[in-house]
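Here is the structure we will look at.
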Amino acid sequence: MSDKAGRRSIEILLTIPWAIRPEWAKQMLTIAQRDGLTPESVAAELGQPLNNTRTVTVREGIATIPMSGPMFRYANIFADVSGATSYEALATDLRVALDDPSVQAILLAVDSPGGEVFGASELSDLIFNARGTKPIVAHVGGFGASAAYWIASAADEVVTSSTGILGSLGVCMSVTVPGDEPDLFGDREIEFVSSQSPDKNLDPTSKAGREQHQAIVDKLAGVFVADAARNRGVAEATVLDRFGKGGTFIGTDAVAAGLADRVATFEATHAALVARTSRGGVLPFRTAAVEPANSATLLAQILEAVGLEGGIRYAARAHLTATALSLPAPVAAPLPPAPKAEPKEDPVMSDKTTVAPDAGAELAEFKARLASITNLCAAAGFPEKALEYVDGELSLDAIGVELF
Numbered sequence: 001m002s003d004k005a006g007r008r009s010i011e012i013l014l015t016i017p018w019a020i021r022p023e024w025a026k027q028m029l030t031i032a033q034r035d036g037l038t039p040e041s042v043a044a045e046l047g048q049p050l051n052n053t054r055t056v057t058v059r060e061g062i063a064t065i066p067m068s069g070p071m072f073r074y075a076n077i078f079a080d081v082s083g084a085t086s087y088e089a090l091a092t093d094l095r096v097a098l099d100d101p102s103v104q105a106i107l108l109a110v111d112s113p114g115g116e117v118f119g120a121s122e123l124s125d126l127i128f129n130a131r132g133t134k135p136i137v138a139h140v141g142g143f144g145a146s147a148a149y150w151i152a153s154a155a156d157e158v159v160t161s162s163t164g165i166l167g168s169l170g171v172c173m174s175v176t177v178p179g180d181e182p183d184l185f186g187d188r189e190i191e192f193v194s195s196q197s198p199d200k201n202l203d204p205t206s207k208a209g210r211e212q213h214q215a216i217v218d219k220l221a222g223v224f225v226a227d228a229a230r231n232r233g234v235a236e237a238t239v240l241d242r243f244g245k246g247g248t249f250i251g252t253d254a255v256a257a258g259l260a261d262r263v264a265t266f267e268a269t270h271a272a273l274v275a276r277t278s279r280g281g282v283l284p285f286r287t288a289a290v291e292p293a294n295s296a297t298l299l300a301q302i303l304e305a306v307g308l309e310g311g312i313r314y315a316a317r318a319h320l321t322a323t324a325l326s327l328p329a330p331v332a333a334p335l336p337p338a339p340k341a342e343p344k345e346d347p348v349m350s351d352k353t354t355v356a357p358d359a360g361a362e363l364a365e366f367k368a369r370l371a372s373i374t375n376l377c378a379a380a381g382f383p384e385k386a387l388e389y390v391d392g393e394l395s396l397d398a399i400g401v402e403l404f
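Here the sequence shown stands for residues 1 to 404, where the numbers follow full-length UniProt numbering.
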């Protein structure tokens, strides 16, 4: 391959900003600089089969869209290889799945180190604006980093495997200039990393006087941060402070930091989506995530929605549920006088608000049932269903069958 042809082959890698893990960027650059670059050689180098096709599988009404490998705005020699993805193909897949009446929900199977900045925000917008049309869940089974997280965070829910790696928010851009320590083309590569991400690509090469290039990556990273904040329903300051500053989180740590909603396997996530779409009456996915400070308000709304009885029974449920969910207990509103015509409706209450002799046993039984049901619902991905089942008559075994 001539030097001129070699330059053309790596132009896309060196002239656009990237939101990708550094090891993948270096691997692609190394491949592109070699002689005899072909789709076959790229496939062999990446260790993945050739002849990739964008495949969307539908099982039990759930469309699974793969989002894997390095991601590019348009199809090219890398995106033609299995394991690489183009944003235009993802957008097409998403629109088809949204329009197909046989598809009840969409599951993004994410395993990508990131990709090109241009197009990532638009695809994130497309997914975010599709909320409320059909449930969209992103499952991170490997990497969900940089641009991959930018896109995945727009889903109604982000689920990670126990070993999923999420984060690496930030933007980097390389430029080549003549100088010392040249590469094989006689140039020297300089990398710029967004200031919002001091831990992304540690020890970058930079010199004073390059503020213009730094401003570009900082501005692009600002769009990334703003989109991630919108997608996750938090303030931009929260993203900057808690989302790793360019670093990554694994599994439960990603959930604790707010990048993901829960930990589950791909099959468990698929099963939960099937359950959500096969029965009515469940609470919808979040259409705008709530800051943690508002969780108590949400709990109070759920308590009111299920029509709990007043008095001690209401106070017990509010207190025990708040304890089980590790949230502040809501303050009950003033209660109306208990009806005198039907005192048998609530044996725990009397006209003088005295506690019946078996109140302690009843509360203990309720607490045990609530704890068991809360754990079941959390494991199945439906924590909001706990109170509905507590007030119902289904046994724990029957609840488990219905949830799973």
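For each residue, glycine too, the CB sits at the ideal point set by N, CA and C.
Delimiting residues of the alpha helix (DSSP H) encompassing residue i
{"i": "Ala148", "result": "Ala147 to Ala152"}
{"i": "Leu394", "result": "Taken as a continuous stretch (DSSP letters only), Leu394 belongs to no alpha helix (DSSP H), as it is neither H nor E."}
{"i": "Ala237", "result": "Glu236 to Arg242"}
{"i": "Thr163", "result": "Thr163 -> no alpha helix (DSSP H), and no H or E assigned at all."}
{"i": "Asp99", "result": "Tyr87 to Asp99"}
Residue i: first and last residue of the uninterrupted beta strand (DSSP E) it sits in
{"i": "Val158", "result": "Glu157 to Thr160"}
{"i": "Arg131", "result": "That residue, Arg131, is in no beta strand (DSSP E); it is neither H nor E in DSSP."}
{"i": "Phe266", "result": "No beta strand (DSSP E) holds Phe266; the alpha helix (DSSP H) holding it covers Phe266 to Ser278."}
{"i": "Arg59", "result": "Thr57 to Arg59"}
{"i": "Ala105", "result": "Ala105 to Ser112"}
{"i": "Ala63", "result": "Ile62 to Ser68"}
{"i": "Phe249", "result": "Thr248 to Ile250"}
Alpha-carbon spacing of residue i relative to residue j, whole angstroms
{"i": "Leu370", "j": "Ser86", "result": "46 angstroms"}
{"i": "Val96", "j": "Ala368", "result": "46 angstroms"}
{"i": "Asp125", "j": "Ile151", "result": "8 angstroms"}
{"i": "Pro383", "j": "Cys377", "result": "5 angstroms"}
{"i": "Asp261", "j": "Glu365", "result": "30 angstroms"}
{"i": "Ser146", "j": "Ala221", "result": "10 angstroms"}
{"i": "Glu122", "j": "Phe128", "result": "10 angstroms"}
{"i": "Gly69", "j": "Gly114", "result": "8 angstroms"}
{"i": "Pro101", "j": "Val274", "result": "15 angstroms"}
{"i": "His270", "j": "Ala386", "result": "21 angstroms"}
{"i": "Thr163", "j": "Ala235", "result": "27 angstroms"}
{"i": "Val159", "j": "Thr64", "result": "14 angstroms"}
{"i": "Val290", "j": "Gln214", "result": "With a pLDDT of only 37 at Val290, under the threshold of 50, the placement of this residue in the model should not be trusted; the figure read from the coordinates follows. One C-alpha to the other measures close to 33 angstroms."}
{"i": "Val223", "j": "Leu169", "result": "11 angstroms"}
{"i": "Tyr74", "j": "Gly244", "result": "29 angstroms"}
{"i": "Asp397", "j": "Glu157", "result": "27 angstroms"}
{"i": "Glu388", "j": "Ala268", "result": "22 angstroms"}
{"i": "Ile373", "j": "Ser161", "result": "23 angstroms"}
{"i": "Ala237", "j": "Glu211", "result": "23 angstroms"}
{"i": "Thr57", "j": "Val390", "result": "37 angstroms"}
{"i": "Leu94", "j": "Ala84", "result": "17 angstroms"}
Minimum C-alpha distance to residue i - residue among the options
{"i": "Ile216", "options": "Asp156, Thr269 and Ser194", "result": "Ser194"}
{"i": "Ile136", "options": "Val103, Gln214 and Gly142", "result": "Val103"}
{"i": "Gly119", "options": "Ala91, Tyr389 and Asp218", "result": "Ala91"}
{"i": "Met71", "options": "Ile62, Asp93, Gly167 and Val117", "result": "Val117"}
{"i": "Ile165", "options": "Thr238, Gly246 and Asp93", "result": "Gly246"}
{"i": "Gly167", "options": "Val255, Val390 and Glu211", "result": "Val255"}
Proximal residues to residue i (C-beta, below 7 angstroms), its chain only, five neighbours per side dropped
{"i": "Leu240", "result": "Gln196 and Val225"}
{"i": "Gly400", "result": "Leu376"}
{"i": "Thr277", "result": "Gly61, Gln104, Ala105 and Pro135"}
{"i": "Lys219", "result": "none"}
{"i": "Gly392", "result": "none"}
Residues near residue i by beta carbon distance below 6 angstroms, same chain, minus five either side
{"i": "Phe266", "result": "His139 and Gly141"}
{"i": "Ala257", "result": "Arg242 and Phe249"}
{"i": "Gly381", "result": "Ala272"}
{"i": "Thr252", "result": "Val263"}
{"i": "Pro66", "result": "Ala109"}
CB contact check: residue i to chain C, cutoff 8 angstroms
{"i": "Phe72", "result": "Of the chains in the structure shown, none is chain C; there is only one protein chain."}
Close beta carbons around residue i, own chain, < 8 angstroms, minus the five adjacent residues each side
{"i": "Leu394", "result": "Glu402"}
{"i": "Ser153", "result": "Ser124, Ala138, Asp227, Ala228, Asn231, Arg232 and Leu259"}
{"i": "Leu98", "result": "Ile106, Ala130, Thr133 and Lys134"}
{"i": "Arg59", "result": "His270"}
{"i": "Thr55", "result": "Pro66"}
Assumed close pair residue i, residue j - CB separation to whole angstroms, cut-off 8 angstroms
{"i": "residue 421", "j": "Val171", "result": "Residue 421 is absent from the model: the chain starts at 1 and stops at 404."}
{"i": "Ala89", "j": "Lys134", "result": "That pair is no contact at about 19 angstroms."}
{"i": "Ser112", "j": "Ala155", "result": "Actually they do not touch by this definition, with Cβ atoms about 14 angstroms apart."}
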